[in-house]
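For the protein sequence lines, the chains are A and B, in the order given. Going by my numbering, the first residue of the first sequence is number 1, and it counts up by one from there. Going by my numbering, the first residue of the second sequence is number 1001, and it counts up by one from there. Note that the Cβ used here is the ideal one computed from N, Cα and C, for glycine as well. Scroll down for the structure; my scribbles are underneath it.
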Amino acid sequence: MIIKHLTCIECPKGCGLSVDIENCKVVKVQGQRCPKGEKYAVAEVENPVRIMTSAVLTRGLDIKMLPVRTNSPIPKSRIQEAMREIKRIRVERPVRTGEIIVKNFLGLGVDLVAARDVKKGDGSIF
Amino acid sequence: MTRKKKTLSFERELVIVGGGPAGMAAALSAYENGVRDILLLERDQYLGGILNQCVHTGFGLSYFKEVLTGPEYAGRFIRQIGNVPKIEVSLKSFVVCLTAEKKLTYIKPGELQEVKARALIMATGCREKTREMVHIAGTRPAGVFSAGLAQKLINIEGLLPGKSAVIVGSGDIGLIMARRLVLEGAQVKAVIEIRKESRGLVRNVVQCVEDFDIPLYFSHKISRISGRDRVEKVLVSRVDDASREIPGSQFEISCDTVLISVGLIPENELIEMAGVALNRETNSPVSEQVNRTSVPGLFVCGNAYKVYDLADSVTRDSELAGRMAAEYLSAG
Ligand code: SF4
Chain A
1 MIIKHLTCIE CPKGCGLSVD IENCKVVKVQ GQRCPKGEKY AVAEVENPVR
51 IMTSAVLTRG LDIKMLPVRT NSPIPKSRIQ EAMREIKRIR VERPVRTGEI
101 IVKNFLGLGV DLVAARDVKK GDGSIF
Chain B
1001 MTRKKKTLSF ERELVIVGGG PAGMAAALSA YENGVRDILL LERDQYLGGI
1051 LNQCVHTGFG LSYFKEVLTG PEYAGRFIRQ IGNVPKIEVS LKSFVVCLTA
1101 EKKLTYIKPG ELQEVKARAL IMATGCREKT REMVHIAGTR PAGVFSAGLA
1151 QKLINIEGLL PGKSAVIVGS GDIGLIMARR LVLEGAQVKA VIEIRKESRG
1201 LVRNVVQCVE DFDIPLYFSH KISRISGRDR VEKVLVSRVD DASREIPGSQ
1251 FEISCDTVLI SVGLIPENEL IEMAGVALNR ETNSPVSEQV NRTSVPGLFV
1301 CGNAYKVYDL ADSVTRDSEL AGRMAAEYLS AG
């Protein structure tokens, strides 16, 4: 058995977790101040995931960069690939917060959604 | 012949300066507590303040019980404000003068305006400490940015400030920018922190620095920035418990960009102009109770009052400021 020390990132308290691992499986988690800590530890050991956020270029809209996010976490190992994909996207139509920009992003079963409302415009700052 | 008046002057019940999380929460709460004449002044062309450039998550967990990005968090308040016609929002409105009688002068494109506030809430936020405030020796090449400016360049203007960066200080914005730069394809050579531990939240050390194997040096400082036109390298030294450089501990890191993330200070020049007593150390108003100042009816909330770790806490205390202003108005 190995013991791994992690910091839970689910909330700003940042609990220090001590995780007992056997055959790549979590058998015991200690140190969490709420149940989310245990879930986090299991995911972090067995399949670490993160919500991905970035900003994509727009054209013909009132802001130049539209902030976007995945609506659910994606595997950490796919983040660089996700960034490459995000750089290829152009948003050219007005969207509302939460609207889907890319459905089933990278085939991961999560959507890339707008994180801000954006209207028509010329994208200039002034 | 009468001289043409250059300025228009009028009186408002409540004026709020700053349309970020603090000003928006204060406006909504003042309205909920009965104030029906509210003018919200914002210098940018959008409401939301700094949240608009904080595209990462970490907002709203306490206030909305949801994990939101900065723009999403701001958007919830922007929408609420849009539904309250009694809150007049004036964008691109930059306050240049404030008196002890709560008279404000502000400029808008093509206009100079004056307004007298019966109650005033200053929600002007904070700004970043600069290279000058941490005294780094060396030349003054291009490529030295505050972390927040780099964040604005990337997330609002779509420009990458450099290809290889060293980050000075482990404040939250610096840590978040370490990750952001890596994701954008730049290299982050190191985060250098003079203290023995991080200034930022541990979760940011984990998800922004450790996740990307970025070296984080505690008890180290940048002794020198070198470069002719553009930053070429920095000299790093280990420091002892009294923050003195340890001789012989120096090493160089080559980079073209240095980001400074060494803390925030409340932005309070306007209230200082009006004669409000400020604490010289912290730049916060001297006050007996949160949001109050030495001038009756003049409140300060959010990061202008004190620098908060979380936007959620800014919202909560600014709602209190809105209520306090409403009480002041109904008592007077
Ligand atoms: S275990 Fe719970 S309280 Fe502790 S950091 Fe994680 S979410 Fe926060």
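For B/S1237, the uninterrupted beta strand (DSSP E) run begins and ends at K1233 to R1238, by DSSP. By the Cβ criterion, the segment 1169–1177 of chain B is not in contact with the segment 1229–1249 of chain B, since fewer than three pairs of Cβ atoms, one from each stretch, lie closer than 8 Å. Under the Cβ criterion (8 Å, minimum of three pairs), the segment 57–66 of chain A counts as touching the segment 107–123 of chain A. Comparing C-alpha distances from A/A43 to each of A/R96, A/S54, A/I21 and A/F105 shows the shortest one belongs to A/I21. Placement of the Cβ of B/G1058 at a distance of 7 Å or more from every heavy atom of the ligand SF4 is found. At a threshold of 7 Å, A/K13 counts as near the ligand SF4, since its beta carbon sits closer than that to one of the ligand's heavy atoms.
Close to B/D1211, with beta-carbon spacing below 8 Å, are these residues of chain A in chain order: R50 and K76. Nearest CB-CB separation between B/H1056 and chain A: below the 8 Å threshold. Nothing from the segment 1219–1246 of chain B brings a Cβ to less than 9 Å from some Cβ of chain A. Flagged as an interface residue toward chain A: B/P1071, by a C-beta distance shorter than 8 Å. Listed along chain A, the residues sitting closer than 7 Å to B/V1202 by beta-carbon distance are T7 and G14.
If you compare the alpha carbons of A/V113, A/T53 and A/E81 with that of B/N1155, the shortest gap goes to A/T53.
Under the Cβ criterion of 8 Å, B/D1317 is not counted among the residues facing chain A. In the three-state DSSP reduction, B/L1259 falls in the strand class (E or B). The beta carbon of B/S1294 is closer than 6 Å to those of V1276 and A1277 in its chain, skipping five residues each way along the sequence. Using beta-carbon distances, B/I1173 does not count as an interface residue toward chain A, since no partner is under 8 Å.
Contact of A/P67 with chain B is assigned, a C-beta pair being separated by under 8 Å. Linking B/V1035 to B/G1322 through their CA atoms gives a straight-line distance of about 9 Å. Close to B/V1206, with beta-carbon spacing below 9 Å, are these residues of chain A in chain order: L6, T7, C8, I9 and G14. At a cut-off of 7 Å, the beta-carbon of B/Y1063 does not count as near the ligand SF4: no heavy atom of the ligand is closer than that. For B/L1040, the enclosing beta strand (DSSP E) begins and ends at I1038 to L1041. Excluding residues up to 5 positions away in sequence, V1188 and F1212 lie with their Cβ nearer than 6 Å to the Cβ of B/V1182 in the same chain.
Counting only Cβ-Cβ distances below 8 Å, A/K64 has contacts in chain B at I1156, E1157 and G1158, in chain order. Chain A places no beta carbon closer than 8 Å to that of B/L1091, leaving this residue out of the contacts. Taking B/I1050 as the centre and dropping the five residues before and after it, the same chain places the C-beta of G1020, G1070, G1125 and G1148 closer than 8 Å to its C-beta, in chain order.
Per DSSP, B/R1316 lies in no beta strand (DSSP E) segment; the continuous alpha helix (DSSP H) that holds it begins and ends at A1311 to A1331.
Note: A/Q30 is bridge-paired with A/S18 in the DSSP secondary-structure output. Secondary structure at A/L106: helix, using DSSP grouped into helix, strand and coil.
B/G1332 is outside the set of residues whose beta carbon lies under 8 Å from a beta carbon in chain A.
Residues of the segment 100–123 of chain A whose Cβ lies closer than 8 Å to any Cβ of chain B, in chain order: A115, R116 and D117. Secondary structure at B/F1064: coil, using DSSP grouped into helix, strand and coil.
At least one heavy atom of the ligand SF4 lies less than 7 Å from the C-beta of A/Q32. According to the DSSP secondary-structure assignment, A/L112 is paired through a beta bridge with A/T70 and A/V102.
Note: B/M1177 is not bridge-paired with any residue in the DSSP secondary-structure output.
Within the model, the alpha-carbon separation for B/E1111 versus B/I1078 is close to 25 Å.
Contact annotation for B/G1075 against chain A: T97, R116 and D117 [CB-CB distance below 7 Å, chain order].
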